[in-house]
Each structure stands twice: as structure tokens, then as C-alpha cells.
Amino acid sequence: MAKHWLGAAASLALLFPVTAQAAPDLNAANARLTALLDKSYPALDALYRDLHQNPELGLQEVRTAGILAQHLRKAGFTVTEKVGGTGVVGVLKNGEGPTILIRADMDALPMEEKTGLAWSSKSRSTYEGKEVPVMHACGHDTHVAYLVGVAQALSAMRDSWSGTVVLIGQPAEEILKGAKAMLDDGLLTRFPKPDYGFAAHVLNGPTGTVAIKA
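Under the numbering used here, think of the first position of the sequence shown as 72, with each following residue one higher.
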């Protein structure tokens with residue numbers, strides 16, 4: 072899992088939930104964030120590899136959701152599980168300020184992995200009535216791991232921001248069912264409604280490059 076994704080997501084999270092009265096020195100905050108991520112990266116990379124090795128199809132992400140929920144609770148978030156089936160919502164309130172939502176999708180694809188990686192998937196599951204191999208071919212393992220890293224960074228740096236953060240683990244993105252399921256289960260009514268929402272996705276490109284589309 073590349074560090075630049077983790078750093079970019081955490082930097083965005085630190086940038087937006089800030090009141091005028093509590094605006095941090097962003098250079099100092101970024102330096103502190105970099106040091107924090109350098110320290111936590113080995114554990115987050117191990118988490119990514121575990122998730123990659125144990126992928127789950129859409130609406131079957133029981134293990135993945137449980138791992139995400141455990142990490143969010145450990146970081147101090149109030150966590151609700153089984154939102155829209157296997158969705159996870161974590162809320163961290165830190166004084167006055169805007170509410171931001173950061174979303175990571177959790178599901179894998181019915182594909183056989185042929186990467187030869189030491190942590191490659193050997194998982195199998197049922198898809199459309201047939202037993203199939205399962206693989207994180209779209210990077211959602213990375214997304215869950217960086218969401219954990221963002222949670223840890225925001226919790227550790229509460230003195231650098233104020234507001235409310237809502238982190239969500241979305242199920243079933245690949246089959247286009249998870250977002251609606253979470254919305255139908257009250258994502259925007261049971262939990263703080265976001266002023267800003269972010270979702271990032273890994274993609275092919277030069278290392279260290281982050282593309283933004285509003």
C-alpha cells in the first residue's frame with residue numbers, strides 16, 4: 072500500500088474540519104502528520120496485506136467490516152455496524168466546526184488472482200449461485216487500510232482540527248448496491264449530515280500523484 076494515498080487522505084481530512092478560531096499551522100501539522108504516518112505505516116501495510124489475502128464479495132464483507140469497526144473503535148470513534156447490511160459508520164466529534172464524510176468501499180471481485188504475491192488471495196465464495204475465486208482487483212483493500220490510517224491520524228491530532236468526522240466503510244460498491252443500502256438505512260439521518268464528502272480511489276499513474284475531481 073503506497074504511503075502517498077494515506078497521506079493525501081489524512082491531509083484532506085485535517086484541512087477541512089477547521090474553524091477560523093482553531094486554524095492550525097498547516098506546515099507544522101503536515102510535518103507531524105508525516106511523522107505519525109511513518110510510524111504507523113508498517114502496521115497499516117500489514118493490514119492491507121491481510122485484507123488483500125482475505126477478500127469478500129459485495130454484501131458478504133463480514134470479516135472486513137468487523138476489522139474496520141474494531142480499528143475505528145480503538146481510535147476513539149463511535150461505531151455503528153450493519154448499516155445497509157455490512158456497512159460501517161464511525162463518528163468522531165471534536166468541538167464546533169464542519170462535518171466531513173470520508174468513504175472507503177470494502178468489497179472484492181469474483182476473479183482469480185494470478186499475481187504470485189506472497190499475500191495473494193486464495194479465497195473462494197458464491198456468486199450468482201456458483202463457487203468462484205475472489206480477489207481485491209480494484210484496490211478496496213487499500214481503501215479500507217487508508218481509512219484506518221486516517222482514523223488514527225485524526226484521533227491523534229485532535230488539537231489540530233475541530234468539527235465532526237464521519238468515516239464509512241461501504242459494502243457492495245462493485246455491484247452498485249451498497250451506497251443505496253446505506254442511504255436507505257439512514258446514513259444521512261441517523262448520523263451527522265456532512266458538509267463535505269470525500270472518496271478516493273487508487274489508480275494507475277505516477278507515484279505520489281493525486282488527482283481531484285469535484
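All C-beta atoms in this analysis are idealised placements derived from N, C-alpha and C, irrespective of residue type, glycine included. Remember, it's a predicted structure, so these values are computed and weren't measured experimentally.
Residue of the options minimising C-alpha distance to residue i
{"i": "R174", "options": "N275, I283, A271", "result": "A271"}
{"i": "N101", "options": "K201, M228, T135", "result": "M228"}
{"i": "G156", "options": "G276, F269, G249", "result": "G249"}
{"i": "N275", "options": "H142, G210, P169, D96", "result": "G210"}
{"i": "P181", "options": "S194, W190, A117", "result": "S194"}
{"i": "V133", "options": "T149, L118, K153", "result": "K153"}
{"i": "G168", "options": "I283, P263, K284, P277", "result": "P263"}
{"i": "L188", "options": "D121, L108, D109, A146", "result": "D121"}
{"i": "T149", "options": "G268, T170, K164", "result": "K164"}
{"i": "S246", "options": "T260, E184, T197, A179", "result": "Checking the displayed sequence, the identity of residue 246 turns out to be Ile instead of Ser. Selected option, being the one with the closest Cα: A179."}
{"i": "Y267", "options": "P277, D255, L238, L254", "result": "L238"}
{"i": "E183", "options": "A140, D255, P204", "result": "P204"}
Residue i burial status per 10 Å Cβ neighbour count (16 or more: buried)
{"i": "E244", "result": "buried"}
{"i": "A99", "result": "exposed"}
{"i": "T280", "result": "exposed"}
{"i": "V199", "result": "It should be pointed out that residue 199 corresponds to Glu in this sequence rather than to Val. Classification of E199: exposed, given that the 10 Å Cβ count is below 16."}
{"i": "I283", "result": "exposed"}
{"i": "Q131", "result": "buried"}
{"i": "T151", "result": "buried"}
{"i": "T170", "result": "buried"}
{"i": "E202", "result": "exposed"}
{"i": "G129", "result": "buried"}
{"i": "L235", "result": "In the sequence on display, residue 235 carries Thr and not Leu. Under this definition T235 is a buried residue."}
{"i": "M177", "result": "buried"}
Beta-carbon proximity of residue i to residue j, cut-off 8 Å
{"i": "G161", "j": "L143", "result": "yes"}
{"i": "V273", "j": "T213", "result": "yes"}
{"i": "G166", "j": "S111", "result": "no"}
{"i": "V219", "j": "L97", "result": "no"}
Whole-Å CB distance - residue i paired with residue j, under 8 Å assumed
{"i": "A136", "j": "G240", "result": "6 Å"}
{"i": "L115", "j": "A252", "result": "Not really, about 27 Å apart at Cβ, beyond 8 Å."}
{"i": "P242", "j": "G158", "result": "5 Å"}
{"i": "H207", "j": "S231", "result": "In fact, because the Cβ distance is near 32 Å, the residues do not count as touching under 8 Å."}
Closer than 7 Å: residue i CB and nearest the ligand HEM heavy atom
{"i": "V221", "result": "Absence of the ligand HEM from the depicted structure is noted, as is the absence of any ligand whatsoever, leaving it without description."}
- Decide yes or no for the touch test of the segment 121-129 against the segment 217-225: beta carbon pairs closer than 8 Å, at least 3 of them. Verdict: no, contact absent.
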